Amino acid sequence: MTLSELKSLREKIEISKKLIKQRIYICTTGCRASGALELVAGFNEYIEKNNLAGILEIVESGCHGKCSQAPLIRLEPSGYYYGKVKPEDVSEIVEKTILGNEKIERFYTVTSQEGEKGFFGHQKKDILLNCGIIDPKKIDDAIGVGAYMQAAAALESMSPLQVIENVLESGLKGRGGAGFPTGLKWKFCHNAPGDEKYLICNADEGDPGAFMDRALLEGSPHQIIEGMIIAAYAIGASRGFIYVRAEYPIAVEHITLAVKQAEEYGLLGDNILGSGFNFRITIRKGAGAFVCGEETALIASLEGKRGMPRSRPPFPANSGYMGKPTNINNVETLANIPLIIEKTGKTYSETGTKDSKGTKIFALAGDVKNTGLVEVPMGISLREIIYDIGEGIPDGRNFKAAQMGGPSGGCVPGEYLDLPIDYESLKEVGAIMGSGGLIVMDDRSCMVDMAHYFLEFIQKESCGKCVPCRVGTRHMKDILARICGGKGEKGDIEKLEELAVTVKSSSLCALGQTAPNPVLTTLKYFRNEYEAHIFDKKCPAGNCRDLLTYEILEENCTGCGVCKKNCPVSAISGEKKEIHSINPNTCTECGKCFEVCKFQAVRVS
Amino acid sequence: MITTIDLEPVNKILAQIELSEKLTNGKIKPAYLIPLLQDIQDEYGYLPRKVLEHVSTISGIPLSRIFGVITFYEQFYMEPQGKHTIKCCRGTACHVKNGQKISDTISEILGIAEGETTEDGLFTFETVACLGTCFLAPVVMIDDQYFGNLTNSEITKIINKYSPKGDMP
Ligand SMILES: Cc1cc2nc3c(=O)[nH]c(=O)nc-3n(C[C@H](O)[C@H](O)[C@H](O)COP(=O)(O)O)c2cc1C
Ligand code: FES
Chain A
76 MTLSELKSLR EKIEISKKLI KQRIYICTTG CRASGALELV AGFNEYIEKN
126 NLAGILEIVE SGCHGKCSQA PLIRLEPSGY YYGKVKPEDV SEIVEKTILG
176 NEKIERFYTV TSQEGEKGFF GHQKKDILLN CGIIDPKKID DAIGVGAYMQ
226 AAAALESMSP LQVIENVLES GLKGRGGAGF PTGLKWKFCH NAPGDEKYLI
276 CNADEGDPGA FMDRALLEGS PHQIIEGMII AAYAIGASRG FIYVRAEYPI
326 AVEHITLAVK QAEEYGLLGD NILGSGFNFR ITIRKGAGAF VCGEETALIA
376 SLEGKRGMPR SRPPFPANSG YMGKPTNINN VETLANIPLI IEKTGKTYSE
426 TGTKDSKGTK IFALAGDVKN TGLVEVPMGI SLREIIYDIG EGIPDGRNFK
476 AAQMGGPSGG CVPGEYLDLP IDYESLKEVG AIMGSGGLIV MDDRSCMVDM
526 AHYFLEFIQK ESCGKCVPCR VGTRHMKDIL ARICGGKGEK GDIEKLEELA
576 VTVKSSSLCA LGQTAPNPVL TTLKYFRNEY EAHIFDKKCP AGNCRDLLTY
626 EILEENCTGC GVCKKNCPVS AISGEKKEIH SINPNTCTEC GKCFEVCKFQ
676 AVRVS
Chain B
14 MITTIDLEPV NKILAQIELS EKLTNGKIKP AYLIPLLQDI QDEYGYLPRK
64 VLEHVSTISG IPLSRIFGVI TFYEQFYMEP QGKHTIKCCR GTACHVKNGQ
114 KISDTISEIL GIAEGETTED GLFTFETVAC LGTCFLAPVV MIDDQYFGNL
164 TNSEITKIIN KYSPKGDMP
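Just so you know, the sequences run in chain order A and B.
The numbering used here applies: residue 76 is where the first sequence begins, and numbers increase by one.
The numbering used here applies: residue 14 is where the second sequence begins, and numbers increase by one.
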C-alpha cells in the first residue's frame, strides 16, 4: 500500500459507514466477562429475524469505560449508554430506542453527549477514543477513524530527528511507571552506535489493579502498532517485540490479529507505505512473572532466559536485546505517539501541568461506585476522579485512602484529596503515578493489612537475585504478619522503618527499591493504626481476623440456628428459637456466622 | 505408573519452527525457548520430562537451562494439571473486596492449597496477581470463564457446577 492508497481507502470506508444510520456498540472486551458475547448473538439474531440488516448494525467494540455497568452498550445516534443489559432485553431495546426513539430509564446510565458534568464530562478521552467506537478485530474500522495516517505522515515528511524533536517537545513521560521522558529515551537509542536496533512494547501490565494496557491492546490494537512504527522509525529499529501478559487472552488474540492484518496491508514489513522503511513485529507471551515487567528482566525473558533484572548501566538504549541498542516503552506511552504527531508536540503539551503533559488513564477500582477506566488531563484532583467521575463511595461509607502505583506506590489519605495528580505531586506525598492503578478504600480497609498484602506480593514475586529484596522484604512481611496476627511488639515499627531504608537503598532493581513504599506511606499517614494493633491488640477497621471478637446481639437474635449450623468449629450453642451464644475459646474468628446471619445479630469488634 | 509419552506432537512443533528462529546450523535459537515451551505445554497440558529431554537433544539447549527457565516462570508445569483450572485473583482490587476469603473458601472446598491439583484430577487451584477485570472484584476464573462480584456461597455453588454431579461439562 502507498500513502495515497491508504487515504482513498479511508475515504471509502468513511462513505460506506454513512450508509447505516443506527449502530449499537457492544463492549466485547472487558464486558466479555459479563456476558457481552451472548448479547451480540442476541442482537444479531434479532436483526436477522426482523430484516433490519440495512438499518441497524452491531459493532463489537472495545471498552466504554464505565465497567461497573457491564455489559455496557452505546446506542448511536442517541449516544445513550445502557448498562447491565441481558439477552432477553434485546427486542425491547431495538423496538423502543432504535425504532421508537424512546429512552429506557431502566438501562440508561450516561450519555456521550452530556455537558460539563458526570462520568464523561470530567474526562478527556484522547488516548482511549478509539476503544468503543471501532471493532478492534477489523483493520478497516481502525483505518476509517484515521489509524496509520500519522505513521504515514511521519514516514513521508519527517526525519527521525524531527519525530524525536516533537516527542521531546510534547513533554510525554513514560506511562509504565518510572515516568522517564520518552523523547529523551528515543534520542539515546537513536544516537547509540550500531545499525541493528530493537523496539519493545512492554505489555506485561503486572501491576495488580491496573487494566488500561489491557483495554488498549484489546480495544485499539492498531493505535499501538502505529505508535510502534513511528517509534521504530525514530530510533532506527527494524524489528520490534510486543511482550504481552499471558493472563490477558483477549489482548493476545486482538493484538496478534492486528499485527497480521497490518502485515497484509503492507503497513508492517518491507518498504512500509513506499518509504523504504522496514519494520516487523513479533508477539511474545509472558509466562507469569511480575518482575518481567522490569525492562532488563523483560529483555532477559525475550532472550529465552530466567527473567531476572540486571544492574544498569549499561541501559537498554545502549545494550539491550542481544546486546544491541533497544528502546522499551509501555503500551499507553506508545498509544500517545500518533496523537503527538497529529497535533505536533507543542500543541500536545498544552494539556496537563507544568511538568506532566497530556492525559493519563486510570483504572478506578475498589470501594467506589463507578469502577472502570477513566482518562483525565494531568493535574486533575483525586477528588474529581473519585467523587465526580467515580460518584463516591458506595453504601454510605467514608473514604479512607487511595492506593496509587501498586506495589511500588503508596496509600494517599483523605487530606490529600485535592492534590493535583501529576508525577511530581504524587512523589511528594510518597505515592507514585505508576501505571495508573487507583484503588479506593473505605473505612473498612485496614492499612496494616494493606501493607502486609503488598509485602506478601513482593515476596512472592522477588526474583531472589539480590539479598536486600529477597531477605529484607521477607523480614518486613513477617513483622507485618505478626502485627496483623495480634503478636506485634514494641519496637516493630522502628524495625520496619530501618528495614525499609535498607531495602530501598540497596536493592538491585526498582522492584526492591520501591517495595517498602506501601509500608512507609501507611506508617506516615496511619501510624495510629499500627499502634492500635501492636499496643491495644485492636484492628480499628475491623479487618484483621485474629484481633476480632464475635458476639451475638441478644436483641437481634431470633434463634434461627443458621449460624450454629454453619460454624465450622461448633463454637455456637443455643436451642432453636432461643438466643444463641459464641464460645470465645473455640471461636476461630472466621466470620462465617457474621456472613450468614440475616438479622444482623452478629457483632464484630 | 508407567505412561508412554508420544513424541509425535513435539516433533511436529519442532518441525514448524520458522527459519528466522533458527541458527545457521539449523538448531533452534535459545531465545526461542520460551515460546517453544509454551507451544509444547499447550499441546501436552504440561511439560513431560521425556519431551524436554528430547527437545534438549534436538535443539542443543542444555537440559539444565530448560529446567532453569521452567522453574522460574509460574505458568510452566511439569506435572499434569487438573481438568479445570480455577484461578483466584489476589490482586489489590480483589483484596480490598475480600478476595482472601474467596481464596480460603476455594482451598477449603477442594481440600488443596494453591498450586495443587485435586486427587481426582478434576481441579487445579491457582492464585494470580490480577485478571484485569478489577471492576468485577472479587474475581475467579475457571478455565476461560470469568465469575465476578463473588461471595463465599456463590463460589461454592459455582465449583459444585463443575463437579462430576454438576451440570458443567
Ligand atoms: C518490578 C517492575 C515491574 C514493572 N512492570 C511494568 C509493566 O508491567 N509494564 C510497563 O510498561 N512497565 C513496567 N515496569 C517499568 C519498566 O521497567 C520500564 O520502565 C517501562 O516499560 C518503560 O516504558 P515507559 O518509559 O514507556 O514507561 C516495571 C518496572 C519494575 C521495576
Ligand atoms: S485485582 Fe482482581 S482482577 Fe484486578
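Glycine is no exception: its CB is placed at the ideal position from the N, C-alpha and C atoms.
Since we're looking at a predicted model, the values are computed, not measured.
For residue i, the three-state DSSP class (helix, strand or coil)
| i | result |
| --- | --- |
| residue 160 (chain A) | coil |
| residue 588 (chain A) | helix |
| residue 76 (chain A) | coil |
| residue 453 (chain A) | coil |
| residue 91 (chain B) | coil |
| residue 567 (chain A) | helix |
| residue 273 (chain A) | strand |
| residue 495 (chain A) | strand |
| residue 160 (chain B) | strand |
| residue 111 (chain A) | helix |
| residue 106 (chain A) | helix |
| residue 224 (chain A) | helix |
| residue 517 (chain A) | strand |
| residue 24 (chain B) | helix |
| residue 148 (chain A) | strand |
| residue 647 (chain A) | strand |
| residue 402 (chain A) | strand |
| residue 459 (chain A) | helix |
Residue i vs residue j beta-carbon contact at 8 Å
| i | j | result |
| --- | --- | --- |
| residue 405 (chain A) | residue 392 (chain A) | no |
| residue 513 (chain A) | residue 601 (chain A) | no |
| residue 467 (chain A) | residue 444 (chain A) | yes |
| residue 81 (chain A) | residue 229 (chain A) | no |
| residue 104 (chain B) | residue 142 (chain B) | yes |
| residue 504 (chain A) | residue 477 (chain A) | no |
| residue 18 (chain B) | residue 46 (chain B) | no |
| residue 37 (chain A) | residue 278 (chain A) | There is no way to answer for residue 37 (chain A), as the model of chain A reaches only from 76 to 680. |
| residue 294 (chain A) | residue 361 (chain A) | no |
Residue nearest to residue i in terms of C-alpha spacing, selected from the options
| i | options | result |
| --- | --- | --- |
| residue 524 (chain A) | A:610, A:616 and A:193 | A:616 |
| residue 219 (chain A) | A:100, A:209, A:416 and A:242 | A:209 |
| residue 275 (chain A) | A:370, A:298 and A:186 | A:370 |
| residue 450 (chain A) | A:440, A:459, A:442 and A:435 | A:435 |
| residue 389 (chain A) | A:400, A:381 and A:382 | A:400 |
| residue 398 (chain A) | A:378, A:407, A:415 and A:414 | A:378 |
| residue 561 (chain A) | A:611, A:240, A:540 and A:268 | A:611 |
| residue 688 (chain A) | A:502, A:537 and A:547 | Look at the range of chain A in this structure, 76 to 680, and you will see that residue 688 (chain A) is not part of it. |
| residue 429 (chain A) | A:312, A:244, A:270 and A:556 | A:244 |
| residue 334 (chain A) | A:415, A:357, A:475 and A:350 | A:357 |
Burial state of residue i (16 or more Cβ within 10 Å)
| i | result |
| --- | --- |
| residue 71 (chain B) | exposed |
| residue 176 (chain A) | exposed |
| residue 60 (chain B) | buried |
| residue 133 (chain B) | exposed |
| residue 618 (chain A) | buried |
| residue 172 (chain A) | buried |
| residue 255 (chain A) | exposed |
| residue 196 (chain A) | exposed |
| residue 128 (chain B) | exposed |
| residue 216 (chain A) | buried |
| residue 290 (chain A) | buried |
| residue 146 (chain B) | buried |
Residue i - containing beta strand (DSSP E), residue span
| i | result |
| --- | --- |
| residue 314 (chain A) | 314 to 319 |
| residue 138 (chain B) | 136 to 141 |
| residue 97 (chain B) | 97 to 102 |
| residue 78 (chain B) | Premise fails: residue 78 (chain B) lies in the alpha helix (DSSP H), 76 to 85, not in any beta strand (DSSP E). |
| residue 393 (chain A) | Segment: none, residue 393 (chain A) is in no beta strand (DSSP E) and carries neither H nor E. |
| residue 131 (chain A) | 131 to 136 |
Host alpha helix (DSSP H) of residue i (start-end)
| i | result |
| --- | --- |
| residue 498 (chain A) | 498 to 503 |
| residue 51 (chain B) | 46 to 57 |
| residue 418 (chain A) | 406 to 418 |
| residue 170 (chain B) | 165 to 175 |
| residue 331 (chain A) | 324 to 339 |
| residue 309 (chain A) | 296 to 310 |
| residue 264 (chain A) | 257 to 266 |
| residue 639 (chain A) | 637 to 641 |
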